[in-house]
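Enquirer: Here it is, the structure, as structure tokens.
2 protein chains.
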Amino acid sequence: MNESSFSRQHHILSVLVENKAGVLARVAGLFARRGFNIFSLAVAPTQDERFSRITLVVDVERAPLDQMVKQLDKLINVVEISELHPSLARERELLLATIKADSDLRAQVIQLVGVFEGQIVDVGTSMLTVMLAGSPSKLDDFEVLMRSYDIIELARSGRIALPRL
Amino acid sequence: MNESSFSRQHHILSVLVENKAGVLARVAGLFARRGFNIFSLAVAPTQDERFSRITLVVDVERAPLDQMVKQLDKLINVVEISELHPSLARERELLLATIKADSDLRAQVIQLVGVFEGQIVDVGTSMLTVMLAGSPSKLDDFEVLMRSYDIIELARSGRIALPRL
């Protein structure tokens with residue numbers, strides 16, 4: 059989706075959890091029961107394998123989120139929760155896309171990937187797979203441009219974020 | 059975590075779901091009830107805003123995963139499931155890390171980031187925030203090197219994957 063359709067204030071929660079079965083289901087379940095749609099979520103182990111970090115982006119009013127954070131904090135296996143305000147965070151995201159481009163169009167796509175400082179992952183006779191990492195709005199801009207071609211498949215990682223220095 | 063601790067066969071599932079509240083909780087809940095630990099999971103909207111793609115990596119034997127796929131397929135709001143065999147997929151992941159590095163160490167970290175074709179996101183007087191996108195094993199190698207410094211915070215996106223061309 060592009061940034062314009064995500065103009066309301068979003069909130070980034072960074073939740074450090076124990077790396078155990080069922081933790082993610084409990085966290086996602088808490089949001090589901092309150093009818094919150096999770097815009098994006100990324101979870102992977104941290105530098106300490108005992109823990110995983112869940113980064114999630116939700117689009118809600120301030121008040122219910124505060125209650126949510128309190129409830130999250132009570133969940134077993136949740137170690138730490140921090141909210142990152144978008145203006146104080148470095149948000150980054152990853153995109154992989156396979157684009158239909160025969161030899162005539164290939165040069166155009168490769169050039170655009172270069173402009174955005176992305177990488178070509180795979181080249182076939184009629185398709186290209188490209189990778190781009192950057193701010194969510196940069197990825198949105200790139201995605202809009204790629205729509206002029208034929209996007210066969212596209213996957214985005216959802217945002218991860220760290221506090222600005 | 060590094061690759062060596064993830065040597066058993068892993069499985070990548072790419073699940074296209076309707077972009078609605080509660081879908082992620084149902085998917086994660088299905089894995090949790092069977093005691094499957096999800097190694098990583100990434101969910102974000104696709105090029106069509108009505109749908110999100112969940113990419114998840116699990117580390118299980120073949121047989122129970124087949125049953126799991128059948129059960130996933132029965133879930134409401136699940137549109138399509140594909141399993142990507144690691145040898146037939148392009149897997150990529152994103153890493154953000156804040157590293158403690160004063161002016162003496164800064165040049166070392168910046169050089170390593172350059173070697174890995176990463177980017178410097180932020181520079182402070184005593185810290186750096188760096189970004190790296192690439193294959194999971196490349197990120198693992200980078201993470202191991204960064205451990206020689208002081209990792210203040212680290213977040214990984216979990217894998218996303220598309221079929222090889």
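For the protein sequence lines, the chains are A and B, in the order given. Heads up, the final residue of the first sequence is numbered 223 in the numbering used here, and it's a clean run with no missing numbers. Heads up, the final residue of the second sequence is numbered 223 in the numbering used here, and it's a clean run with no missing numbers. Positions of the beta carbon are idealized from the N, C-alpha and C atoms, including for glycine.
Would you mind telling me which residues of chain A sit closer than 7 Å to B:E201, beta carbon to beta carbon, in chain order?
Expert: For the purposes of this step, residue 201 of chain B is identified with residue 143 of the second sequence, where counting begins at 1. Q105, listed in chain order.
Enquirer: How many Å lie between B:V101 and A:L190 at the Cα?
Expert: Translated into positions along the second sequence, residue 101 of chain B becomes position 43. Translated into positions along the first sequence, residue 190 of chain A becomes position 132. Rounded to whole angstroms, B:V101 to A:L190 spans 16 Å at the Cα level.
Enquirer: Closest by CA to A:R148, which one among B:R164, B:D180, B:D162 and B:T113?
Expert: Against the first sequence, residue 148 of chain A aligns to sequence position 90. It is B:D180.
Enquirer: Pull up the distance between the alpha-carbon of A:R108 and that of A:V75, whole angstroms please.
Expert: In the first sequence, the residue the question calls residue 108 of chain A occupies position 50. In the first sequence, the residue the question calls residue 75 of chain A occupies position 17. Rounded to the nearest angstrom, the two C-alpha atoms are 9 Å apart.
Enquirer: Please report whether the beta-carbon of B:L146 lies at a distance below 9 Å from any beta-carbon of chain A.
Expert: In the second sequence, the residue the question calls residue 146 of chain B occupies position 88. Chain A, which has no Cβ nearer than 9 Å to the Cβ of B:L146, makes this no.
Enquirer: Would you decide whether B:H69 is buried or exposed? Buried here means 16 or more other CB atoms lie within 10 Å of its CB.
Expert: Mapped onto the second sequence, residue 69 of chain B falls at position 11. Flag for B:H69 reads buried.
Enquirer: Pull up the distance between the alpha-carbon of A:N60 and that of A:S193, whole angstroms please.
Expert: What you label residue 60 of chain A is simply residue 2 of the first sequence in a count that begins at 1. What you label residue 193 of chain A is simply residue 135 of the first sequence in a count that begins at 1. Caution is warranted here: a pLDDT of 41 is assigned to A:N60, below 50, making its placement in the model unreliable, and the coordinate value is therefore given only provisionally. Taking the straight line from one Cα to the other gives about 12 Å.
Enquirer: Going by the CB atoms, is the gap between B:L114 and B:I96 shorter than 9 Å?
Expert: Within the second sequence, residue 96 of chain B is the residue found at index 38, counting from 1. Within the second sequence, residue 114 of chain B is the residue found at index 56, counting from 1. It is a contact, given that the beta carbons lie within the stated cut-off.
Enquirer: Is the stretch 147-167 of chain A touching the stretch 202-212 of chain A in the sense that three or more CB pairs, one from each, lie closer than 8 Å?
Expert: Yes, they touch.
Enquirer: Measuring alpha carbon to alpha carbon, tell me which residue in A:L152, A:A86, A:A79 and A:G80 is nearest B:G224.
Expert: Past the edges of chain B, shown from 59 to 223, lies residue 224 of chain B, and the structure says nothing about it.
Enquirer: Using CA atoms only, rank isn't needed, just tell me which of A:A90, A:V116, A:L197 and A:P221 is closest to A:E175.
Expert: Your numbering for residue 175 of chain A matches position 117 in the first sequence. Per the Cα distances, A:L197.
Enquirer: Kindly say whether B:L82, judged by its beta-carbon, lies nearer than 9 Å to any beta-carbon of chain A.
Expert: For the purposes of this step, residue 82 of chain B is identified with residue 24 of the second sequence, where counting begins at 1. Answer yes: the Cβ-Cβ gap between B:L82 and chain A drops below 9 Å somewhere.
Enquirer: To the nearest angstrom, how far is it from the Cα of A:R120 to the Cα of A:A213?
Expert: Counting from one through the first sequence, the residue named residue 120 of chain A turns up at place 62. Counting from one through the first sequence, the residue named residue 213 of chain A turns up at place 155. When rounded, the distance between both Cα atoms is 29 Å.
Enquirer: With distance defined between alpha-carbon atoms, name the residue in A:Q67, A:A90, A:I218 and A:V137 nearest to A:L152.
Expert: In the first sequence, counting from the first residue as 1, residue 152 of chain A sits at position 94. It is A:I218 whose Cα lies nearest to the Cα of A:L152.
Enquirer: Which residues does DSSP list as the beta-bridge partners of B:L114?
Expert: Residue mapping note: residue 114 of chain B aligns to position 56 of the second sequence, counting from 1. Beta-bridge pairing links B:L114 to B:L71 and B:L99.
Enquirer: Find out if the Cβ-Cβ distance for the pair B:E211, A:L130 is shorter than 9 Å.
Expert: The residue given as residue 211 of chain B occupies position 153 in the second sequence. The residue given as residue 130 of chain A occupies position 72 in the first sequence. Not a contact, by the Cβ cut-off of 9 Å.
Enquirer: Apart from the five residues just before and just after A:S63, which ones in its own chain have a Cβ nearer than 7 Å to its Cβ?
Expert: On the first sequence, residue 63 of chain A is found 5 positions in, with the first residue counted as 1. Reliability of the predicted coordinates at A:S63 is poor, the pLDDT of 43 falling under 50, and no value is obtained from them.
Enquirer: Check B:F200 in the structure and name its three-state DSSP category.
Expert: Position 142 of the second sequence, counted from the first residue, corresponds to residue 200 of chain B. Here B:F200 sits in helix by DSSP.
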